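Comments concern the structure below.
In our numbering, the protein residues as written are 36 to 486.
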């Protein structure tokens, strides 16, 4: 929304996240920063009548504001279409910035003929939202119809017109597709006017959007509109591995960002010799393995050796000149580099590294933990839980000693362990009942009969 449709007063208009004060109104979709919005124009300034309006995806167009309607960036307007009816879009930019956009896109002012009818009313907005809600379902139905007709095409997006009388179907295909029968079936099914528009892989990615391997939104869906050709030579100049999985974007083509730094690499490559592959030395032929363009270093390796030797560009040219004259150098300079690396620098302070143990703090922390565990109170069992008892198993070996008393040789002495009798637990003596009133005692019954 813009200030023209604000009903709350002098505060920031209601909008997305920043309450409409972001001045872009595009949510990172080909948005334009209106840096002239806060500047005071002269009193005799006449507003520029051409307005740039943005629609779904990356579609933008220019319209005439003949009625001089006061418009702010982000406001919904009803616009004229070439096929009849009307469409609804957001105002992208107004004023003098539109004049700059016309020059940038090579559009003449006389070529802009379509008009802006009015600001969108609640009825227009409701109808426009209802049309947008049907796009997803319409796209899947159209895909099913294309599969039934065995057409080698992919319908990637559908854009309904604001008045729900027309829909544009964007598709990708490798070759020419005869979709006349498809249009008849879609017109019968959807009851609207159908327009088929073929787009490329990059245009499809720009309409659908996504997140690139860098973690940011795709350039083609946020700000890039000029799709230049990207070749594998751009990857070779930048010393990138020719891995199609890493170099290809979501559209399946080479990433557009390969061209961003190509000019810097081309300028740096002017100082690097391109005809150096082997340098001849007394130790053998050194073969080029890698070139660091910005550090001005070339890495060589001797045969049957794994170590690479970095050589500056200036030294490479000198060795190359000597080889052309038939002279050989002792080596690539690694002996001097080794001498420089083995030179011990004398320090004016005492080196105390290693005089103390590196784990001294760990031992202190371990001892402190032991003390804390020792002083920690024992856990108390809650209500309804069994107390926690620490059981220690103690194995005691018992030795059976049989001691015979002199009076009774079969009876063991006191304190001695008796031999176990397996039938003892089932054996029960027939003892007399000490309760004379118990009638269930068989011994008492026998005594009564005898009397």
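For each residue, glycine too, the CB sits at the ideal point set by N, CA and C.
As the structure is a computational prediction, the values presented were derived from the model and not from experiment.
- In this model, residue 263 and residue 291 are separated by some 8 Å (Cα to Cα).
- Around residue 184, the same chain offers 216 and 217 as residues with beta carbons nearer than 7 Å, after the five sequence neighbours per side are excluded.
- For residue 161, the uninterrupted alpha helix (DSSP H) run begins and ends at 157-168, by DSSP.
- In the three-state reduction of the DSSP assignment, residue 300 falls in the helix class, which pools H, G and I.
- Scanning the stretch 197-283 from its first residue to its last, the whole beta strand (DSSP E) runs of 3-plus residues come out as 201-207 and 228-233.
- For residue 332, the uninterrupted beta strand (DSSP E) run begins and ends at 332-336, by DSSP.
- Just so you know, the alpha carbons of residue 247 and residue 236 end up roughly 15 Å apart.
- Taking C-alpha positions only, residue 269 is separated from residue 84 by approximately 43 Å.
- Take residue 220, set aside five residues on each side of it, and the residues of its chain with a beta-carbon closer than 7 Å to its own are 180, in chain order.
- Residue 299 counts as exposed, since fewer than 16 other beta carbons sit within 10 angstroms of its beta carbon.
- Restricting attention to 213, 337 and 241, the CA atom closest to the CA of residue 187 is found in 213.
- In this structure, residue 205 places its C-beta atom within 7 Å of the C-beta atom of residue 234.
- Counted as a single uninterrupted DSSP element, the alpha helix (DSSP H) harbouring residue 348 occupies residues 348-359.
- Three or more beta-carbon pairs drawn from the stretch 145-158 and the stretch 96-115 are found closer than 8 Å, and the two stretches are therefore classed as touching.
- Within 10 angstroms of the beta-carbon of residue 68 lie fewer than 16 other beta-carbons, which makes it exposed.
- Check the Cα spacing between residue 80 and each of 285, 130, 118 and 108: the tightest is with 130.
- Listed in chain order, the non-local C-beta contacts of residue 307 below 7 Å within the same chain comprise 326, 328 and 348, local neighbours out to five positions each way being set aside.
- Going by DSSP, residue 115 is part of the beta strand (DSSP E) stretching over 111-115.
- Our two residues, residue 287 and residue 364, have alpha carbons roughly 49 Å apart in a direct line.
- With 16 or more other CB atoms across the displayed protein chains lying within 10 angstroms of its CB, residue 108 is buried.
- By the criterion of at least three beta-carbon pairs nearer than 8 Å, the stretch 251-261 is not in contact with the stretch 119-135.
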